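First the structure, in the form of structure tokens, and then the observations on it.
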Amino acid sequence: MGPMTLPALVGALVPLEGGHYESPGVKDFRYFCADNPEVTSGHALAGCTFGVDWMNKPFWQAVIGAALVIVLWLIASRNLKKVPGKGQFFAEYVYSFIRNGVARDILGPEYRRYLPYLLGLFSFLLVNNWFGETFLFMLPTFSNIGYAWALAIMSWLIYIGAGIHRHGFGHYMKMQLVPAGVPVYLLPVIIPLEFLSNFITRPLTLGLRLFANMFAGHLVVLVFVAGGAFLLTYESNLFYNVSGAVSLLFSFAILFLELFIGALQAYIFTVLTAQYVHSSLAEAH
Numbered sequence: 001m002g003p004m005t006l007p008a009l010v011g012a013l014v015p016l017e018g019g020h021y022e023s024p025g026v027k028d029f030r031y032f033c034a035d036n037p038e039v040t041s042g043h044a045l046a047g048c049t050f051g052v053d054w055m056n057k058p059f060w061q062a063v064i065g066a067a068l069v070i071v072l073w074l075i076a077s078r079n080l081k082k083v084p085g086k087g088q089f090f091a092e093y094v095y096s097f098i099r100n101g102v103a104r105d106i107l108g109p110e111y112r113r114y115l116p117y118l119l120g121l122f123s124f125l126l127v128n129n130w131f132g133e134t135f136l137f138m139l140p141t142f143s144n145i146g147y148a149w150a151l152a153i154m155s156w157l158i159y160i161g162a163g164i165h166r167h168g169f170g171h172y173m174k175m176q177l178v179p180a181g182v183p184v185y186l187l188p189v190i191i192p193l194e195f196l197s198n199f200i201t202r203p204l205t206l207g208l209r210l211f212a213n214m215f216a217g218h219l220v221v222l223v224f225v226a227g228g229a230f231l232l233t234y235e236s237n238l239f240y241n242v243s244g245a246v247s248l249l250f251s252f253a254i255l256f257l258e259l260f261i262g263a264l265q266a267y268i269f270t271v272l273t274a275q276y277v278h279s280s281l282a283e284a285h
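Residue numbers (the UniProt record's numbering): 1 to 285.
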């Protein structure tokens, strides 16, 4: 038998629709109260607390993540030994990684003032990103864009506040909006562009980058798991069954890849925050 044409391949997949398979999508990331009129069967997940829509699974993951970060660092800072055990060694490694590789290298001598925020930020991001690969959670908190932008706004307030504290409001705004050496006649064009770049685009892209990677990665895992499980049990069709088994096996590889991506996105978000703080503190724009 020759290779299948596109119409033949599409025709071969038609029975899947008859098997009531519904591919994962945006609906699987929505959480509403069960009595919310927006909820329709199969198109949203019921989930809230005390009848409040925003007190849903991502909200409680953020709360649990914050509590875990606080508790773990409190434990790590107690009973320190000259010869560290495994737990102390890991905590010191993470601390040194952020202190030396991010805060000190990017911010220079003033890094100590911003180190607690950068360390807490990285830890909080890492824990919540890894929730997507953790039993009982299986959802990265920042696949909900509201939480990603909330963290981006917090970093925005930090680096804007750092610049104003260092230079004063007027001088800081001049530094950010009026690049040195720009002719006066170009300022009506340059000032709006600089405002968009430094005050609008930065937090938007910071949050959007985190959200997009977490959302897309988790959606890929859902596609391979849900599709693989369906094909594995579809009408004893050997071709579909084997494809489903391969899909499920491949989903574990994607799951481990997502662990790496979660750590990478936590690092990138932290590095960019440190760079934005450094740009606010710098004398020259």
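All C-beta atoms, glycine included, are put in the ideal place defined by N, C-alpha and C. Only a predicted model underlies this, so the values are computations on that prediction, with no experimental measurement involved.
Coil, strand or helix - V182 by DSSP: On the sequence shown, residue 182 is found 182 positions in, with the first residue counted as 1. Coil.
Buried/exposed call for A148, threshold 16 Cβ in 10 Å: Working through the sequence shown from its first residue, we reach residue 148 at position 148. Around the Cβ of A148, a 10 Å sphere holds 16 or more other Cβ atoms; the residue is buried.
DSSP-derived helix/strand/coil call for V127: Within the sequence shown, the letter at position 127 stands for residue 127. Looking at V127 - three-state DSSP - the assignment turns out to be helix.
contact_flag[the region 139-154, the region 211-222] where n(CB pairs < 8 Å) is 3 or more: The region 139-154 vs the region 211-222: in contact.
Inter-residue Cα distance where the pair is G108 and E283: Taking the first residue of the sequence shown as 1, we reach residue 108 at position 108. Taking the first residue of the sequence shown as 1, we reach residue 283 at position 283. Going from the Cα of G108 to the Cα of E283 covers about 14 Å.
Buried or exposed by the 16-neighbour rule on C-beta atoms within 10 Å, applied to R202: Locating residue 202 in the sequence shown gives position 202, where the first residue counts as 1. Per the 10 Å Cβ criterion, buried.
Nearest neighbour of S123, chosen from L208, L281, G262 [CA to CA]: Stepping through the sequence shown from its first residue, residue 123 is reached at position 123. When only C-alpha atoms are compared, the closest one is G262.
Coarse secondary structure for V246, derived from DSSP in three states: Mapped onto the sequence shown, residue 246 falls at position 246. Helix, per DSSP.
Reference C33; option with closest CA among M173, G25, L264, N56: Within the sequence shown, residue 33 is the residue found at index 33, counting from 1. Nearest option by C-alpha distance: N56.
Inter-residue spacing [alpha-carbon to alpha-carbon] between I158 and S143: Mapped onto the sequence shown, residue 158 falls at position 158. Mapped onto the sequence shown, residue 143 falls at position 143. If you take the alpha carbons of I158 and S143, they lie about 23 Å apart.
C-alpha distance - M175 paired with I64, whole-angstrom precision: Within the sequence shown, residue 175 is the residue found at index 175, counting from 1. Within the sequence shown, residue 64 is the residue found at index 64, counting from 1. The straight-line gap from Cα to Cα measures roughly 40 Å.
CB of I190 within 7 Å of CB of V184, strictly: Mapped onto the sequence shown, residue 190 falls at position 190. Mapped onto the sequence shown, residue 184 falls at position 184. It is not a contact, given that the beta carbons lie outside the stated cut-off.
Residues that Y95 bridges to, as DSSP identifies them: Working through the sequence shown from its first residue, we reach residue 95 at position 95. Answer is none; Y95 lacks a bridge partner.
Local conformation of F137 per DSSP, three classes: Translated into positions along the sequence shown, residue 137 becomes position 137. Coil, per DSSP.
V52 in three-state terms, based on DSSP: In the sequence shown, residue 52 corresponds to position 52, counting from 1. Three-state DSSP puts V52 in a strand.
Among L238, L222, N79, F269, the one whose alpha carbon lies nearest that of L255: For the purposes of this step, residue 255 is identified with residue 255 of the sequence shown, where counting begins at 1. Of the listed residues, the one whose Cα sits closest to L255 is L222.
Cβ-based neighbour list, residue 286, same chain, cut-off 8 Å, excluding 5 preceding and 5 following: Shown here, the chain extends from 1 to 285; a query on residue 286 therefore has no answer.
F230 versus T205: straight-line alpha-carbon distance, rounded: Sequence index remark: in the sequence shown, residue 230 carries index 230 (1-based). Sequence index remark: in the sequence shown, residue 205 carries index 205 (1-based). Each residue's alpha carbon lies about 36 Å from the other.
Within 7 Å, strictly: CB atoms of P58 and T141: For the purposes of this step, residue 58 is taken as residue 58 along the sequence shown, with counting starting at 1. For the purposes of this step, residue 141 is taken as residue 141 along the sequence shown, with counting starting at 1. Yes.
Same chain, Cβ closer than 7 Å to Y111, five either side skipped, listed in chain order: One-based indexing of the sequence shown puts residue 111 at position 111. Excluding positions up to five away in sequence, the list reads A103, R104.
Whole-angstrom distance between L210 and I153, CA atom to CA atom: The residue given as residue 153 occupies position 153 in the sequence shown. The residue given as residue 210 occupies position 210 in the sequence shown. So the two alpha carbons sit approximately 13 Å from each other.
Cβ neighbour criterion (16 or more within 10 Å) applied to S155: As a position in the sequence shown, residue 155 is number 155, starting the count at 1. The residue in question, S155, is buried, as its Cβ has 16 or more Cβ neighbours within 10 Å.
Top-ranked residue by Cα proximity to V71, from V52, A91, V83, D53: Taking the first residue of the sequence shown as 1, we reach residue 71 at position 71. It is A91.
Closest residue to L119 among A66, F169, G168 (Cα-Cα distance): As a position in the sequence shown, residue 119 is number 119, starting the count at 1. It is A66.
Straight-line Cα distance separating Q275 from F169: One-based indexing of the sequence shown puts residue 169 at position 169. One-based indexing of the sequence shown puts residue 275 at position 275. For F169 and Q275, the distance between alpha carbons rounds to 20 Å.
For S41, the three-state DSSP class (helix, strand or coil): For the purposes of this step, residue 41 is taken as the residue at position 41 of the sequence shown. Legend: pLDDT at S41 = 48, less than 50; position of this residue unreliable, value from coordinates given subsequently. Reduced to three states, the DSSP call for S41 is coil.
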